[in-house]
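A.B. asks: Quick one: this structure, given as structure tokens, is what I'll be asking you about.
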Amino acid sequence: MLGGLATGLKAVWKAVTRSSTTKFGFAVTASIVAIAILAPIIAPYPPTAITGPSYGSPSLKHLLGTDDIGEDVFSQLLWASRGSLLVAFGAGMITTLLGVIVGLAAGYYGGRPGEGLMRLTDVVLVLPTLPVLIVIAAFAPPSVFLVIAVIGILSWAPTARIIRSQTLTLKTRPFVDTSRMSGMSDLEIMLRVILPNELSLVFVYAVFAAVSAVVIESGLDFIGLGSISNLSWGIMLYFSLSRDALLRGMWWWFLPPGLMIALLGTGLILLGYGIEKRGWVRV
Amino acid sequence: MLIRRPHLPSRLSSSYLRNRLVAALIVFLAVWVINFIIPRLEPGNFVATLSSRPDLTPEQREKLIELFGLNQSLWVQFLKYVQQTFGSFPPSFGVSFLHYPQTVWSVVSLALPWTLLLIVVSISFAWVFGVLLGTALAWWQGSKFDSFVVGASSFMWGVPSYWLGTILIYLFAIKVHLFPAALTGTGGPPLTILSHAFLPILTLVLLNLPINAMVVRNTMIDVMREDFMFAARARGIKLRTLMFGHAARNALLPSITNLALNFGAILSGAYLVEIIFSYPGMGYLIEQSALNRDYPVLEGVLFFSAIIVIVANLLGDLSYVFLDPRVEY
Numbered sequence: 003m004l005g006g007l008a009t010g011l012k013a014v015w016k017a018v019t020r021s022s023t024t025k026f027g028f029a030v031t032a033s034i035v036a037i038a039i040l041a042p043i044i045a046p047y048p049p050t051a052i053t054g055p056s057y058g059s060p061s062l063k064h065l066l067g068t069d070d071i072g073e074d075v076f077s078q079l080l081w082a083s084r085g086s087l088l089v090a091f092g093a094g095m096i097t098t099l100l101g102v103i104v105g106l107a108a109g110y111y112g113g114r115p116g117e118g119l120m121r122l123t124d125v126v127l128v129l130p131t132l133p134v135l136i137v138i139a140a141f142a143p144p145s146v147f148l149v150i151a152v153i154g155i156l157s158w159a160p161t162a163r164i165i166r167s168q169t170l171t172l173k174t175r176p177f178v179d180t181s182r183m184s185g186m187s188d189l190e191i192m193l194r195v196i197l198p199n200e201l202s203l204v205f206v207y208a209v210f211a212a213v214s215a216v217v218i219e220s221g222l223d224f225i226g227l228g229s230i231s232n233l234s235w236g237i238m239l240y241f242s243l244s245r246d247a248l249l250r251g252m253w254w255w256f257l258p259p260g261l262m263i264a265l266l267g268t269g270l271i272l273l274g275y276g277i278e279k280r281g282w283v284r285v
Numbered sequence: 071m072l073i074r075r076p077h078l079p080s081r082l083s084s085s086y087l088r089n090r091l092v093a094a095l096i097v098f099l100a101v102w103v104i105n106f107i108i109p110r111l112e113p114g115n116f117v118a119t120l121s122s123r124p125d126l127t128p129e130q131r132e133k134l135i136e137l138f139g140l141n142q143s144l145w146v147q148f149l150k151y152v153q154q155t156f157g158s159f160p161p162s163f164g165v166s167f168l169h170y171p172q173t174v175w176s177v178v179s180l181a182l183p184w185t186l187l188l189i190v191v192s193i194s195f196a197w198v199f200g201v202l203l204g205t206a207l208a209w210w211q212g213s214k215f216d217s218f219v220v221g222a223s224s225f226m227w228g229v230p231s232y233w234l235g236t237i238l239i240y241l242f243a244i245k246v247h248l249f250p251a252a253l254t255g256t257g258g259p260p261l262t263i264l265s266h267a268f269l270p271i272l273t274l275v276l277l278n279l280p281i282n283a284m285v286v287r288n289t290m291i292d293v294m295r296e297d298f299m300f301a302a303r304a305r306g307i308k309l310r311t312l313m314f315g316h317a318a319r320n321a322l323l324p325s326i327t328n329l330a331l332n333f334g335a336i337l338s339g340a341y342l343v344e345i346i347f348s349y350p351g352m353g354y355l356i357e358q359s360a361l362n363r364d365y366p367v368l369e370g371v372l373f374f375s376a377i378i379v380i381v382a383n384l385l386g387d388l389s390y391v392f393l394d395p396r397v398e399y
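Respectively, the protein sequence lines represent chains A and B.
In this note's numbering, each residue's number is its place in the first sequence (first place is 1) plus 2.
In this note's numbering, each residue's number is its place in the second sequence (first place is 1) plus 70.
So, in structure tokens, the structure goes:
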């Protein structure tokens, strides 16, 4: 069962180390993950400790200045990587899991059940995630886990579509017939024979889902409907915007959180491009 | 080797168009039902929130609960929803809390054209210039210029639209007084509207253009590696003709598919841009309604947002017929 997946993962790793673009993407992503893990050690202050004057300018003590109540912005920036990565990986996982299940089933079984699943996919595809989240949040500010779940449940349609079309092609290949004749069950064929061949594509779509999830969550935060208990770069942007950071000339409070979201996106996407076999980025 | 021709939808006038429209109709009905369900997932929410509003007297609250049928069973509420949707044209979708006694439709229909203006103009620009840029990138593939745009497009995927919009406001409206920062929807002569809508449109073009250029670039590079391209070169057809005549044409379809597939995300980005610019479209409306707990309008905006995505997907599918010569109609 795990043999096929292990082979697929090995191919993914080989693709990571293949080109300099992918290596760069991996380095950026890995650095952000490291920041999130090491936040308690490398952050100079706890994120919500009052350690300086309000609206302080950058100094050696406070690299990115302080916010309206005197909390250290640089420490918040490091800690907030945890909140944003939680959304990226949580929503990315749910999206990928649902998309792969629906796509594999629809492609492999085809016929009426497959058609039914694709109609469901069509419906999910047109439900715009942010407006749905806003409507839900209008009743009560949702917990970050509800936000992650909603983003995941509304984002799997593109993954399901591409996995279905790949599965439709793959299942006509001779090696699938061979596997069937050797007595493998449908589930085994799907997971051990077909899925490993689609793993690079799955990864690319997971990466895009993760990036979109962070951007959407930050949008919800920006409106003021996000979960404040989960410190993320979106929450930082919300506070800096609502305290008119840019109008006060405090670009060091406003620019870094958005830059970090974009950097996380760049890292993940360059990683994803390189891993897809047909490779988007061939520089 | 036997080459199986892919099954292509033929005869737009008959089965393809009909199937596509039926599919869109099914999606529409499903979204319409989901739109009823989402706000009612937690029973009593409407009522609970109404009761917690200090600005309402108990009498007003009672009246509102009765007016919206919140004390009735879900089934009766659903019948009311049916009646509000299909009872009249255009559908009223009930009465707004905030803009009482205006109907949801009269509130939403004021915002809808502004959003359509923003989206249609910015997506058109992003598409046309994305195709041009993508073609240029494929031509100069591997150059420094190419690497730069590839990097920039990966970067743009993760840029929150409201963050970019705020930076543009700061640069072009506050530092340099080139364009107005907000209050886009004051109307007036076309030039005034344009100058007010310029920065929101610029934000969305900047976000969507590099992504579209990447799709075009990569499709063209893929097509250039196909066997028939080698065969065509062997026959002596100029690379320039192949690139701009054949490969670029092949790249138009995936770029449109990509736009259609991502339209929900594009719309979400546009809504956030509207909010930051106080641009009076659907995004601004949904924010105001969420902050003021105007549930009927929230439902209305959600519904019409889904309709915009459905129509965009339908147009994306139908554009195949016009761009792909193999699809007959």
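Even for Gly, the Cβ is constructed at its ideal location relative to N, Cα and C.
1. In angstroms, rounded to a whole number, what distance separates the CA positions of Val213/A and Val152/A?
2. Using 9 Å as the limit for Cβ to Cβ distance, is Thr131/A near chain B?
3. If we ignore side chains and look at the alpha-carbon of each, how far apart do Met49/B and Ala206/B end up?
4. Grouping DSSP H, G and I as helix and E and B as strand, with all else coil, what is Ile52/A?
5. Relative to the alpha-carbon of Pro183/B, which residue among Leu276/B, Phe374/B, Leu149/B, Leu342/B has its alpha-carbon at the smallest distance?
6. Just checking: is the beta-carbon of Leu113/A within a distance shorter than 9 Å of some beta-carbon in chain B?
7. Anything in chain A within Cβ reach of Trp233/B, meaning under 7 Å, just list it in chain order.
8. Counting only beta-carbon separations shorter than 9 Å, does Thr23/A have a partner in chain B?
9. Does chain B have any CB closer than 9 Å to the CB of Leu233/A?
10. Counting pairs of beta carbons, one from the stretch 314-331 of chain B and one from the stretch 144-160 of chain B, are three or more of them closer than 8 Å?
11. For Arg287/B versus Gly339/B, is the C-beta spacing smaller than 9 Å?
12. Could you compute how far the alpha carbon of Trp72/A sits from the alpha carbon of Phe256/A?
13. To the nearest whole angstrom, what separates the beta carbons of Ile164/A and Leu203/A, a pair I think is in contact under 8 Å?
14. Taking just the CA atoms, how far does Phe298/B sit from Ala162/A?
15. When you compare each of Ser176/B, Ala243/B, Gly157/B, Val191/B to Leu279/B by their alpha carbons, which one comes out closest?
16. DSSP puts Val165/B in a beta bridge; with which residues?
17. Any beta carbon of chain B sitting closer than 9 Å to that of Gly85/A?
18. With distances taken from CA atoms, which of Leu189/A, Ser220/A, Met120/A, Val102/A is nearest Leu135/A?
19. Assuming Gly109/A and Gly101/A make a contact with CB atoms under 8 Å, what is their CB distance in whole Å?
20. Do Val165/B and Thr173/B have their C-beta atoms closer together than 9 Å?
21. Could you tell me which residues DSSP pairs with Thr68/A in its beta bridges?
22. Given a cut-off of 9 Å, decide if Ser77/A and Met262/A are closer than it, judged by their beta-carbon atoms.
23. Pick out whichever of Tyr111/A, Val126/A, Pro48/A, Ile225/A has its Cα sitting closest to the Cα of Ile191/A.
24. Which value, in whole angstroms, describes the spacing of the CA atoms of Ser22/A and Leu273/A?
25. Is Leu393/B closer than 9 Å to Ile326/B when the C-beta atoms are compared?
26. Along the stretch 163-193 of chain B, where does the CB come closer than 8 Å to a CB of chain A? Name the residues.
27. Which of the three DSSP states, helix, strand or coil, is assigned to Thr19/A?
28. Going along the chain, which residues of its own chain have a beta-carbon closer than 6 Å to the beta-carbon of Ala222/B, five neighbours each way excluded?
29. Measuring alpha carbon to alpha carbon, tell me which of Ala264/A, Leu156/A, Ala140/A, Ser242/A ends up nearest Leu231/B.
30. Select from the stretch 194-217 of chain A all residues with a C-beta closer than 8 Å to any C-beta belonging to chain B, and list them in chain order.
31. Quick one: Cα of Leu322/B to Cα of Arg303/B, how far?
32. Out of Ser213/B, Arg110/B, Leu99/B, Phe333/B, which one is the CA nearest neighbour of Ile193/B?
33. Considering only C-alpha positions, which residue in the set Phe205/A, Arg175/A, Asp70/A is nearest to Ala51/A?
34. Using only CA atoms, which one of Val137/A, Ala211/A, Pro49/A lies nearest to Ile271/A?
35. Just the Cα atoms here: how many angstroms apart are Thr185/B and Met238/A?
36. Using the C-alpha atoms, what's the distance from Leu99/B back to Val381/B?
C.D. replies: By the coordinates alone:
1. Mapped onto the first sequence, residue 213/A falls at position 211. Mapped onto the first sequence, residue 152/A falls at position 150. Cα to Cα, Val213/A sits roughly 15 Å from Val152/A.
2. Residue mapping note: residue 131/A aligns to position 129 of the first sequence, counting from 1. It does: the Cβ of Thr131/A has a partner Cβ on chain B nearer than 9 Å.
3. It is not possible to answer for residue 49/B, since the shown part of chain B is limited to 71 through 399.
4. In the first sequence, counting from the first residue as 1, residue 52/A sits at position 50. Here Ile52/A sits in strand by DSSP.
5. In the second sequence, counting from the first residue as 1, residue 183/B sits at position 113. That would be Phe374/B, whose Cα lies nearest to the Cα of Pro183/B.
6. Against the first sequence, residue 113/A aligns to sequence position 111. In the sequence on display, residue 113/A carries Gly and not Leu. No, Gly113/A lies away from the interface with chain B (no Cβ there is under 9 Å from its Cβ).
7. Walking along the second sequence from the start, residue 233/B turns up at place 163. Within 7 Å Cβ-Cβ: Leu239, Gly260.
8. In the first sequence, the residue the question calls residue 23/A occupies position 21. Closer than 9 Å: yes.
9. In the first sequence, counting from the first residue as 1, residue 233/A sits at position 231. No, Leu233/A lies away from the interface with chain B (no Cβ there is under 9 Å from its Cβ).
10. no
11. The residue labelled residue 287/B in the question sits at position 217 within the second sequence. The residue labelled residue 339/B in the question sits at position 269 within the second sequence. Not in contact: Arg287/B and Gly339/B (Cβ atoms no closer than 9 Å).
12. Here residue 72/A refers to the residue found at position 70 when the first sequence is read from its first residue. Here residue 256/A refers to the residue found at position 254 when the first sequence is read from its first residue. Residue identity differs from the one stated: residue 72/A is Gly in this sequence, not Trp. When rounded, the distance between both Cα atoms is 15 Å.
13. Taking the first residue of the first sequence as 1, we reach residue 164/A at position 162. Taking the first residue of the first sequence as 1, we reach residue 203/A at position 201. Going by Cβ atoms, the distance from Ile164/A to Leu203/A rounds to 6 Å, so yes, they are a contact pair.
14. Indexing the first sequence from 1 puts residue 162/A at position 160. Indexing the second sequence from 1 puts residue 298/B at position 228. Cα to Cα, the separation comes out at about 31 Å.
15. Here the question's residue 279/B lines up with position 209 in the second sequence. Selected option, being the one with the closest Cα: Val191/B.
16. Locating residue 165/B in the second sequence gives position 95, counting from the first residue. Val165/B is bridged to Thr173/B.
17. Against the first sequence, residue 85/A aligns to sequence position 83. Answer no: the Cβ-Cβ gap between Gly85/A and chain B never drops below 9 Å.
18. Taking the first residue of the first sequence as position 1, residue 135/A is located at position 133. Selected option, being the one with the closest Cα: Ser220/A.
19. By one-based count along the first sequence, residue 109/A stands at place 107. By one-based count along the first sequence, residue 101/A stands at place 99. About 12 Å separates the two Cβ atoms, so there is no contact after all.
20. Position 95 of the second sequence, counting from 1, holds the residue named residue 165/B. Position 103 of the second sequence, counting from 1, holds the residue named residue 173/B. Going by C-beta atoms, Val165/B is nearer than 9 Å to Thr173/B.
21. Walking along the first sequence from the start, residue 68/A turns up at place 66. Thr68/A pairs with Asp74/A.
22. Here residue 262/A refers to the residue found at position 260 when the first sequence is read from its first residue. Here residue 77/A refers to the residue found at position 75 when the first sequence is read from its first residue. Going by C-beta atoms, Met262/A is not nearer than 9 Å to Ser77/A.
23. In the first sequence, counting from the first residue as 1, residue 191/A sits at position 189. With distances taken between Cα atoms, Ile191/A lies closest to Tyr111/A.
24. In the first sequence, residue 22/A corresponds to position 20, counting from 1. In the first sequence, residue 273/A corresponds to position 271, counting from 1. When rounded, the distance between both Cα atoms is 10 Å.
25. What you label residue 326/B is simply residue 256 of the second sequence in a count that begins at 1. What you label residue 393/B is simply residue 323 of the second sequence in a count that begins at 1. A contact, by the Cβ cut-off of 9 Å.
26. none
27. Counted from its first residue, the first sequence places residue 19/A at position 17. If DSSP states are grouped into helix, strand and coil, Thr19/A belongs with coil.
28. To locate residue 222/B, count along the second sequence from 1; it is residue 152. Excluding sequence neighbours, Ala222/B sits near Pro280.
29. Working through the second sequence from its first residue, we reach residue 231/B at position 161. A small fix is needed here, since residue 231/B is Ser in this sequence, not Leu. Of the listed residues, the one whose Cα sits closest to Ser231/B is Ala264/A.
30. Phe210, Val213, Ser214, Val216, Val217
31. Counted from its first residue, the second sequence places residue 322/B at position 252. Counted from its first residue, the second sequence places residue 303/B at position 233. Answer to the nearest angstrom: the Cα atoms are 22 Å apart.
32. As a position in the second sequence, residue 193/B is number 123, starting the count at 1. Comparing Cα-Cα distances from Ile193/B to each of Ser213/B, Arg110/B, Leu99/B, Phe333/B, the minimum goes to Phe333/B.
33. By one-based count along the first sequence, residue 51/A stands at place 49. Out of Phe205/A, Arg175/A, Asp70/A, Asp70/A has the C-alpha closest to the C-alpha of Ala51/A.
34. For the purposes of this step, residue 271/A is identified with residue 269 of the first sequence, where counting begins at 1. Cα-wise, what sits closest to Ile271/A is Ala211/A.
35. The count along the second sequence starts at 1 and reaches residue 185/B at position 115. The count along the first sequence starts at 1 and reaches residue 238/A at position 236. Each residue's alpha carbon lies about 28 Å from the other.
36. Residue mapping note: residue 381/B aligns to position 311 of the second sequence, counting from 1. Residue mapping note: residue 99/B aligns to position 29 of the second sequence, counting from 1. Their Cα atoms are separated by approximately 14 Å.
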